[in-house]
Amino acid sequence: MPELPEVETVRRGLEQALKDATIKKVTLRRHNLRIPFPDNISTLLEGRRIKAIRRRAKYLLFDFDSDDVMIAHLGMTGRFSVEAKAPKRFSKHDHAVFELSDGRVTIYNDARRFGLITLCKRAETSTHPLFAALGPEPLEEEFSVAYLKTALARRKAPIKTVLMDQAVVVGVGNIYASEALFLSGVDPRKPALEAAGKAKQMIVSIRKVLDDALASGGSSLKDFLHVSGESGYFQHQFNVYGRSGKPCISCHKPVAMLRQAGRSTFFCKYCQK
DNA sequence: ATGATGTCCTGGGCGC
DNA sequence: TGCGCCCAGGACATCA
């Protein structure tokens, strides 16, 4: 999926396009994604105006001029697009269609359907089961050295796996975990509790890689697109991700790949201790 | 509680 | 051209 930079890029695109737009009609082209669509989604959203679009972790939150909030997660392959008018025919994986009162149409498309769209009330946004266990936002102050040291203290799992745990810090997925560990010089296999001494470097590196990716409009490997249909460009700046066998940009020895918790990890055996 | 593994789902790329 | 296999940016359930 889209990790934090991609979700934030989508959020900005959606907010630009949809702030103050009114939903005229909601059409669901199947009954579920990862979880069922709420039965009353059309009733609750039709006629409502979008006041703001926020992001928490990798979730998008659409605030309406009612009590209701629409929560969306892009999973691995979810996309939102905003079209000037309804397409002549929908494509296979266009699952949710939001017609706006000005004639435009917003489409949620998701080939693998690992995403979700659901609803909650505004007051529930921090206590909702999807949000209750989430850790701090990496770009905010609460993601501090003291916090991270504590969070890593009892964790024996490899640091890379732990950085992807959304209860530790949100928004960091498989690509940016590898990239951030390369920048901080930490071996992804190192038990988290032993890497805690590098908490400061890891925080700086996570922020740098996320900020830089955001500035490039995210990373487009195969699926990610902006709301406008453009690609992100940060994939051209990866130091290690997807570069196994190619020379490390620092020591020029080959970048290594391994599997951790079922996911590919890329790193330099010589630069990351 | 923690960690490792399997699962949801489709599509693209590769080797044969 | 076709087939089978493996891989993919996430998150959750399950089991030890």
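The opening position of the first sequence corresponds to residue 31 in this note's numbering, with each subsequent residue numbered one higher. Built from N, CA and C at the ideal position, the CB exists for glycine as well.
Fill in: Residues of its chain near Pro284, where Cβ-Cβ distance is below 6 Å and the 5 sequence neighbours each way are ignored
Gly275
Worksheet item: What separation, rounded to the nearest whole angstrom, lies between the Cα atoms of Asp242 and Gly105?
Response: 22 Å
Worksheet item: If we ignore side chains and look at the alpha-carbon of each, how far apart do Leu34 and Arg237 end up?
Response: 11 Å
Worksheet entry | Cβ-Cβ separation, Asp140 to Gly108 (assumed contact under 8 Å), whole Å | 4 Å
Fill in: Every unbroken beta strand (DSSP E) within the region 67-111, with a cutoff of 3 residues, ordered by chain
80-86, 89-94, 98-103
Discussion item. Just to confirm, is the Cβ distance from Gln4 to Val216 under 8 Å?
Written reply: With the chain represented from 31 up to 303, any question about residue 4 goes unanswered, as that position is not in the structure.
Worksheet item: Rounded to a whole number of angstroms, what is the C-alpha to C-alpha distance between Ile205 and Tyr271?
Response: 6 Å
Item to complete: Return the chain-ordered list of same chain residues with a C-beta closer than 8 Å to the C-beta of Lys186, the five sequence neighbours on each side being excluded.
Response: Pro221, Ala222, Leu223
Item to complete: Mind reading off the beta-carbon distance from Leu149 to Asp98? Whole number of angstroms is fine, and I expect it under 8 Å.
Response: 6 Å
Discussion item. Please identify the residue among Gly227, Gln231, Gly77, Cys281 whose C-alpha is closest to the C-alpha of Leu130.
Written reply: Gly77
Worksheet item: CB Leu160 to CB Arg64, shorter than 8 Å?
Response: no
Fill in: Reduced DSSP secondary structure (H/G/I, E/B, other) of Met232
helix
Discussion item. DSSP has Asp140 in a bridge; who is on the other side?
Written reply: Gly108
Worksheet item: Does the separation of the CB atoms of Ala210 and Val239 fall below 8 Å?
Response: yes
Fill in: Rounded separation between Tyr263 and Arg41 - CA only
17 Å
Discussion item. In this structure, how does DSSP classify Pro168 when only helix, strand and coil are distinguished?
Written reply: coil
Item to complete: Quickly, what does DSSP pair Asp241 with across the bridge? List them, please.
Response: BP columns for Asp241 are empty, so no partner.
Worksheet item: Roughly how many whole angstroms lie between the Cα atoms of Pro188 and Ala291?
Response: 9 Å
Worksheet item: Would you call the CB atoms of Phe128 and Val56 closer than 8 Å?
Response: yes
Discussion item. If contacts are defined as beta-carbon pairs under 8 Å, then Ile71 and Leu44 qualify, I think. What distance do you get, rounded to the angstrom?
Written reply: Wrong, their Cβ atoms sit about 17 Å apart, outside the cutoff.
Discussion item. With a threshold of 6 Å on Cβ separation, who are the neighbours of Val234 within its own chain once the five nearest residues in sequence on each side are excluded?
Written reply: none
Worksheet item: With a Cβ-Cβ cutoff of 8 Å, do Leu91 and Thr155 count as a contact?
Response: yes
Fill in: Other residues of its chain near Ala116: CB distance less than 6 Å, five sequence neighbours each side excluded
Val135
Discussion item. I need the straight-line Cα distance from Ser214 to Arg142, nearest angstrom please.
Written reply: 33 Å
Worksheet item: Closest to Tyr177 by CA distance: which of Ala229, Lys151, His158 is it?
Response: Ala229
Worksheet item: For Val216, which residues does DSSP report across the bridge?
Response: Partner(s): none; Val216 has no beta bridge.
Worksheet item: Considering only C-alpha positions, which residue in the set Ser246, Ala207, Leu251 is nearest to Arg295?
Response: A small correction: the amino acid at residue 295 is Thr; Arg does not occupy that position in the sequence shown. Nearest C-alpha to Thr295: Ala207.
Item to complete: Per DSSP, which residues does Phe296 bridge with? Please list them.
Response: Met287
Discussion item. In whole angstroms, give me the CA-to-CA distance for Leu193 and Val257.
Written reply: 28 Å
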